[in-house]
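Each protein sequence line maps, in turn, to chains A and B.
Every number in this note's numbering is 43 more than the matching position in the first sequence, counting from 1.
Every number in this note's numbering is 43 more than the matching position in the second sequence, counting from 1.
Read through the structure below, which is laid out as structure tokens, and then see the notes.
Protein chains: 2
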Amino acid sequence: MFSQAEENYLKAIYALEEKLQKNISTNILASKTQTKASSVTDMLKKLAIKQLITYKKYQGVQLTKTGKDAALIVVRKHRLWEYFLVNKLNYGWDEVHDIAEQLEHIKSETLIDRLEKFLKSPKFDPHGDPIPDKDGKIMRIKTVNLLELKVGQKGVLDNLKDSSDEFLKYLNKKNLALRDRIKVIDIEPFDNSIHIETKTHQLVISKKVAGNLNIKI
Amino acid sequence: MFSQAEENYLKAIYALEEKLQKNISTNILASKTQTKASSVTDMLKKLAIKQLITYKKYQGVQLTKTGKDAALIVVRKHRLWEYFLVNKLNYGWDEVHDIAEQLEHIKSETLIDRLEKFLKSPKFDPHGDPIPDKDGKIMRIKTVNLLELKVGQKGVLDNLKDSSDEFLKYLNKKNLALRDRIKVIDIEPFDNSIHIETKTHQLVISKKVAGNLNIKI
DNA sequence: AATATAATTTAGACAAGGCTAAAAATATAA
DNA sequence: TTATATTTTTAGCCTTGTCTAAATTATATT
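This is the structure:
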């Protein structure tokens, strides 16, 4: 079907569209895919020929329906494999990204649906991100950013805006995990740092950290 | 470490060495890897530079210790993934080869050992072939070819010489599986076909088929 | 509006891994 | 032991996906 490189570009474009809600520029895509802008341009031409994206020179790029479907399949595979790695092989949530990055490209008509069944059709991956179903449908949960909470408000840590290994390791160190119940104790107006409380402890997090935490109220 | 292509060549050379017990020729390797002889020659040069094989022009090729170790890791990964696919995802033994062929190239320091642990350290894959341990050690079981049995002798179907999908499908159709207890009822001198009996039924198999069945007495 | 800066694309190159066709080496046979 | 056939290697080319450097287009600034 598609090459690994193609799948990686599709996935990257999809992720950026979700985040930025606009046409994706060559440069941003280059930094996301760890390549150079010129390489991106080359690939965009190929993807455009295959009707996976809409691409007009200098205008940035957008997934077509076909392209989005293809991207969602890759996302589905990635997240199901992450779930497998964490819940069956006992990896930490900060260790699975690179391996899932490889596993997501395994080609098979049937593998991923069998894997899903084996895992009992989980709806969310270890970072709280929704796992698209067979048809690319995603279960969206309404959450608010921790920054939006007022003093005294409570909620449950549902998912992360940034799931980089570094950030995950930070959360590990601070003993914060998905599903933790969080209460805002105080907000420091000077630097917007937030004093929070969980079942087990209290801590102060920076504005930057809080901005990465999405809360289900 | 090694590229997929390199790993595939190493595995192919290993398999052929096991089977033929001599230097492996360019042509044989080409047919095993589904490439052309000229491509094989190119790759052999690269593998020789990396000290994975001993290669003298026109003389065929042999794995070095390092090369054999590398090949055994690939075999280990292939067989553990096959075991996973059959025993966890409920694939048939005739459906897993192509997928395992991809999974065996996933790169990770820790993945395969965790997978092994998860699977409870199986010693044999779904085709009865031994799974090398972490250090490349293989458990060898003494078996004899079904052709060597005399009328009246009994044994257990332990492994297959040819594990191609076609042959596996044949065995499925004839209701023959690993661990089946087999008794030789009669041998037809005219064409060397063999009349056998299992727990559940009797059947006649050709010389060619019998030659692919290894029996533990 | 003209110009400086930033973003993007083009042109040309490279590495990996494959191919075909031709040349060279080895093996087989008369 | 030549002659023929087979096997292997070499030479040169192709595709994919990447890169650098240069050229082009868009954007920002004065």
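Note that beta-carbon positions come from the ideal geometry of N, C-alpha and C, so glycine has one too.
Local conformation of residue i per DSSP, three classes
i        : result
B:His121 : helix
A:Asn257 : strand
A:Val129 : helix
B:Phe210 : helix
A:Glu152 : coil
A:Asn218 : coil
A:Gln245 : strand
B:Asn66  : coil
A:Asp112 : helix
B:Lys166 : coil
A:Glu231 : coil
B:Asp141 : helix
A:Glu240 : strand
Residue of the options minimising C-alpha distance to residue i
i        : options                                : result
B:Ala143 : B:His170, B:Lys163, B:Gln64            : B:His170
A:Leu221 : A:Lys242, A:Lys131, A:Ser249           : A:Lys242
B:Ser81  : B:Tyr101, B:Lys93, B:Ile96, B:Lys216   : B:Tyr101
A:Ser236 : A:Leu190, A:Leu203, A:Ser206           : A:Leu190
B:Gln105 : B:Leu72, B:Asn215, B:Ile149, B:Gln245  : B:Leu72
B:Leu90  : B:Ala113, B:Leu219, B:Glu209, B:Asn255 : B:Ala113
B:Gly103 : B:Glu240, B:Glu60, B:Val194, B:Glu147  : B:Glu60
B:Leu158 : A:Gln64, A:Phe127, A:Asp208            : A:Phe127
B:Glu231 : B:Leu214, B:Ile239, B:Leu162           : B:Ile239
A:Trp136 : A:Arg122, A:Gln145, A:His148           : A:Arg122
B:Asn218 : B:Val227, B:Leu192, B:Gln245           : B:Gln245
A:Lys131 : A:Asn257, A:Phe161, A:Ala55            : A:Phe161
B:Leu180 : B:Val227, B:Ile225, B:Lys150, B:Val117 : Before going further, note that residue 180 of chain B is Lys rather than Leu in the sequence given. When each option's Cα is compared against that of B:Lys180, the closest is B:Val117.
A:Ile228 : A:Asn257, A:Val247, A:Asn215           : A:Val247
B:Lys65  : B:Met86, B:Asp234, B:Thr97             : B:Thr97
B:Glu49  : B:Ile92, B:Ala253, B:Met86, B:Lys193   : B:Met86
B:Asn188 : B:Ser151, B:Met44, B:Lys251            : B:Lys251
B:Lys93  : B:Ser164, B:Lys54, B:Phe45, B:Lys99    : B:Phe45
8 Å Cβ cutoff, residue i in contact with chain A
i        : result
B:Asn215 : no
B:Asn133 : yes
B:Ile155 : no
B:Gln77  : no
B:Ile67  : no
B:Leu158 : yes
B:Gln47  : no
B:Gln64  : no
B:Leu146 : yes
Residue-chain proximity (residue i, chain B), Cβ-Cβ < 8 Å
i        : result
A:Phe161 : yes
A:Arg122 : no
A:Ser151 : yes
A:Ile142 : yes
Beta-carbon proximity of residue i to residue j, cut-off 8 Å
i        : j        : result
B:Lys259 : B:Thr186 : yes
A:Asp178 : A:Glu125 : no
B:Thr107 : B:Leu95  : yes
B:Tyr57  : B:Lys111 : yes
B:Ile184 : B:Asp201 : yes
B:Ile174 : B:Lys166 : yes
A:Asp223 : A:His140 : no
A:Asn255 : A:Leu211 : no
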